[in-house]
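Taking it in order: structure first as structure tokens, then the write-up.
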Amino acid sequence: MTNTDLRSAVKGRVLLPGDDGFEQASKAWNLAVEQRVAAVVEAEDAGDVAAVVGYARRSGLAVSAQPSGHGASGDVDGVILLRTGRLGGVEVNPEERTARVGAGVTWGRVLAEAGPHGLTGLAGSSPVVSVTGYTLGGGLSWFGRKHGFAADSVRAFDLVTAGGERARVTADSDPDLFWALRGGGGDFALVTAVEFGLHPAPSLYGGRVMWPGHRTREVFDAFMEITAEAPDELSVWFNRMQFPQAPPMVAVDAAFLGDEAEGRALLARLDKIDDVIADKRGPVAVADLGDITAEPTDPVPGRSRAELLTGVDDAVVEALLGGPIEPLMGLQLRHLGGALAASRPGAGPSGPVAEPYLLYMLGAAINPELSAAVGGKQAWVVEELGARVSGRKPYTMLGRGERAEAAFSAEAIARLREIKRDRDPEGVLRANFPILA
Ligand SMILES: Cc1cc2nc3c(=O)[nH]c(=O)nc-3n(C[C@H](O)[C@H](O)[C@H](O)COP(=O)(O)OP(=O)(O)OC[C@H]3O[C@@H](n4cnc5c(N)ncnc54)[C@H](O)[C@@H]3O)c2cc1C
0 MTNTDLRSAV KGRVLLPGDD GFEQASKAWN LAVEQRVAAV VEAEDAGDVA AVVGYARRSG
60 LAVSAQPSGH GASGDVDGVI LLRTGRLGGV EVNPEERTAR VGAGVTWGRV LAEAGPHGLT
120 GLAGSSPVVS VTGYTLGGGL SWFGRKHGFA ADSVRAFDLV TAGGERARVT ADSDPDLFWA
180 LRGGGGDFAL VTAVEFGLHP APSLYGGRVM WPGHRTREVF DAFMEITAEA PDELSVWFNR
240 MQFPQAPPMV AVDAAFLGDE AEGRALLARL DKIDDVIADK RGPVAVADLG DITAEPTDPV
300 PGRSRAELLT GVDDAVVEAL LGGPIEPLMG LQLRHLGGAL AASRPGAGPS GPVAEPYLLY
360 MLGAAINPEL SAAVGGKQAW VVEELGARVS GRKPYTMLGR GERAEAAFSA EAIARLREIK
420 RDRDPEGVLR ANFPILA
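Counting from 0, one number per residue, gives the positions in the sequence shown under numbering that gives the first Met the number 0.
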């Protein structure tokens, strides 16, 4: 089998080592991750996806879908990297409160279409991650406390199986595969489109409030008080920030599925803290949800580590607030709970998540020395947190070097592995965090 066969098998662009543009095309969004792939294919349609699987099977290669590379793990040596950006198309059905999107569509596009109908999808903080990649990993949304994992709202997947067949998979048509796809990652099929339920959001209130670093302890105490009483409609995140050549800062991010008066009252505790640098609280259009945290949308080199915490005690407070966070740029504590913690019949493999808080630590990884220092600081914080670290972490928040099994209960990982062996015995499909590794 030759590369000519690959070019003639698909309509989309095929880039091979040595081709002009190959280096650029094989880069992940996370520029700190190197990718030495065998080929990059930009699928034009679902037929191309099936053709790539057919080619990979005949050639003994694996295929990895990577719409953006936000979740790149580097585990793609020698694979065919499948870009899905041209599998676009967003159809919102306001009467049925559903959306159907192509595999390359980002959350920002869905929110822009759904918002004017008073509806939202279960997006996370970034508007530029793909709906498909995020949802296949479960998807921890601003609205997860109210509605659970994004994957729990999925109605159907259009996909190409590891055997190269095209199929539409629902809870009734193929319960095992449908379950695995709702949180088990990209190991089970190549998805070409997703259909999911939307949720009412006639009004949203939220935004970021920021203070100088010396207010950190007061802001943290207010965060703990607010989250202790928060209704499921409210999600609040605490952030310490240390940007280059800038003084340390502390911030609270919030999103409330409700009106301004109620949202303002729920966050009134923050008004007692002086020295506010910026207060962006106000009504939020669904389409602007990604502006709350204002994360970078262009590619950047980063090294992250996430941990679920069983609670907050003095040791946690000391580890998170006791000293400067450098060389980290950000340390974030997300309040979980609500529907994420509930056992629900028919849910996917990600939940329930009993831990009430998620810690996320991020640093720039612009060179190996800085990356090592960032990793060292993250490891130090985890060590200091001690027994409050549960050891489990959401699949979408896995970092390089971590394994899929950290994201699931023993029962869930056993079932996922059985389904993987059954549906992809030759290992044609490769997720960023493979379920069998
Ligand atoms: C700035 C930032 C903010 C984030 N915020 C959140 C958040 O709030 N909540 C949250 O849960 N996560 C969050 N994440 C993590 C993010 O959801 C994951 O990195 C997710 O994997 C991104 O999906 P992607 O498709 O854009 O990334 P990619 O790295 O391109 O894809 C990730 C994986 O998804 C699978 N995949 C993608 N498309 C397909 C397909 N068509 N068929 C089969 N498999 C496929 C593949 O296994 C692929 O390796 C954030 C990440 C960043 C960098």
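Glycine included, each C-beta is placed from N, C-alpha and C at the ideal position.
At which residues does the beta strand (DSSP E) containing residue i begin and terminate?
i: arginine 99; result: 97 to 101
i: glycine 196; result: 189 to 196
i: histidine 334; result: 329 to 334
i: valine 208; result: 204 to 211
i: isoleucine 79; result: 79 to 82
i: glutamate 41; result: 38 to 41
i: valine 459; result: The question about residue 459 has no answer here: the residues shown for the chain are numbered 0 through 436.
Leaving aside the five residues before and after residue i along the sequence, list all residues of the same chain whose C-beta is less than 6 Å from its C-beta, in chain order.
i: glycine 257; result: Glu232
i: glycine 36; result: The displayed chain sequence assigns valine, not glycine, to residue 36. Only Ser25, Val75, Val78, Leu80 meet the Cβ criterion.
i: methionine 209; result: Met248, Ala250, Ile276, Ala277
i: alanine 403; result: Phe432, Ile434
i: valine 316; result: none
Rounded to whole angstroms, what's the CA-CA distance from residue i to residue j? Just pull it up for me.
i: aspartate 252; j: serine 234; result: 8 Å
i: leucine 189; j: threonine 160; result: 6 Å
i: alanine 200; j: valine 153; result: 18 Å
i: serine 67; j: alanine 192; result: 16 Å
i: arginine 445; j: valine 89; result: Nothing about residue 445 can be reported from this structure: the residues present for the chain run from 0 to 436 only.
i: methionine 0; j: arginine 6; result: Any answer about methionine 0 is weak, because its pLDDT of 47 lies below 50 and its placement is not dependable; what the coordinates show is given next. Between methionine 0 and arginine 6, the C-alpha separation is close to 11 Å.
i: glutamate 354; j: glycine 337; result: 11 Å
i: proline 433; j: proline 295; result: 27 Å
i: arginine 268; j: leucine 319; result: 21 Å
i: threonine 83; j: valine 52; result: 14 Å
i: tryptophan 141; j: leucine 335; result: 9 Å
i: arginine 216; j: alanine 38; result: 50 Å
i: methionine 328; j: tryptophan 236; result: 16 Å
i: aspartate 4; j: alanine 430; result: 24 Å
i: lysine 419; j: alanine 229; result: 39 Å
i: valine 91; j: phenylalanine 177; result: 22 Å
i: arginine 181; j: alanine 113; result: 22 Å
i: histidine 198; j: phenylalanine 219; result: 31 Å
i: tyrosine 54; j: aspartate 157; result: 20 Å
i: glycine 103; j: arginine 56; result: 23 Å
i: proline 458; j: aspartate 312; result: Here the chain covers residues 0 to 436 and nothing more, so residue 458 does not appear.
i: aspartate 297; j: alanine 61; result: 28 Å
i: glycine 441; j: alanine 227; result: Because residue 441 is not part of the residues shown, which for the chain are 0 to 436, the question remains open.
i: glycine 205; j: leucine 266; result: 9 Å
i: valine 283; j: arginine 422; result: 43 Å
Near residue i, which residues of its chain fall below 7 Å by C-beta distance, leaving aside the five closest residues on each side in sequence?
i: alanine 155; result: Arg167, Val168, Thr169, Glu194
i: valine 388; result: Glu306, Leu308, Val381
i: isoleucine 324; result: Arg239, Gln241, Leu330
i: aspartate 175; result: Ile418
i: glycine 196; result: Arg96, Thr97, Ser152, Arg154
i: asparagine 366; result: none
i: isoleucine 272; result: Trp210, Arg214, Glu217, Val218, Ala221
For chain B, check one thing: does any of its Cβ atoms lie closer than 8 Å to the Cβ of residue i?
i: arginine 391; result: No chain B is part of this structure, which consists of one protein chain only.
Ligand 1 heavy atoms versus the CB of residue i: any closer than 7 Å?
i: asparagine 238; result: no
i: histidine 146; result: no
i: glycine 101; result: no
i: glutamate 306; result: no
i: glycine 70; result: yes
i: valine 283; result: no
i: alanine 430; result: yes
i: glycine 445; result: The question about residue 445 has no answer here: the residues shown for the chain are numbered 0 through 436.
i: glutamate 228; result: no
i: serine 234; result: no
i: glutamine 23; result: no
i: threonine 83; result: yes
i: methionine 328; result: no
i: leucine 437; result: As shown, the chain starts at 0 and ends at 436. That puts residue 437 outside it, with no answer to give.
i: serine 67; result: yes
i: leucine 357; result: no
Enumerate in chain order the residues of its own chain whose CB-to-CB distance from residue i is below 8 Å, with the five nearest sequence positions on each side excluded.
i: leucine 339; result: Leu139, Gly143, Arg144, Gly147, Phe148, Gly350, Pro351, Val352
i: methionine 396; result: Leu139, Ser303, Ala305, Leu357, Tyr359
Following the continuous alpha helix (DSSP H) through residue i, name the residue where it begins and the one where it ends.
i: alanine 227; result: 215 to 228
i: valine 438; result: Coverage of the chain is limited to positions 0 through 436, which leaves residue 438 absent and any answer about it impossible.
i: tryptophan 106; result: 106 to 113
i: alanine 61; result: Note, alanine 61: premise wrong, no alpha helix (DSSP H); not H, not E.
i: tyrosine 133; result: 130 to 135
i: phenylalanine 177; result: 174 to 180
Compute every distance between the C-beta of residue i and the non-hydrogen atoms of ligand 2, then say whether any falls below 7 Å.
i: glutamate 294; result: No copy of ligand 2 appears in this structure; the ligands present are ligand 1.
**OP:** Count the C-beta pairs between the segment 124 to 133 and the segment 277 to 291 that are closer than 8 Å, then say yes if the count reaches three, no if not.
**Re:** Touching, per the Cβ criterion.
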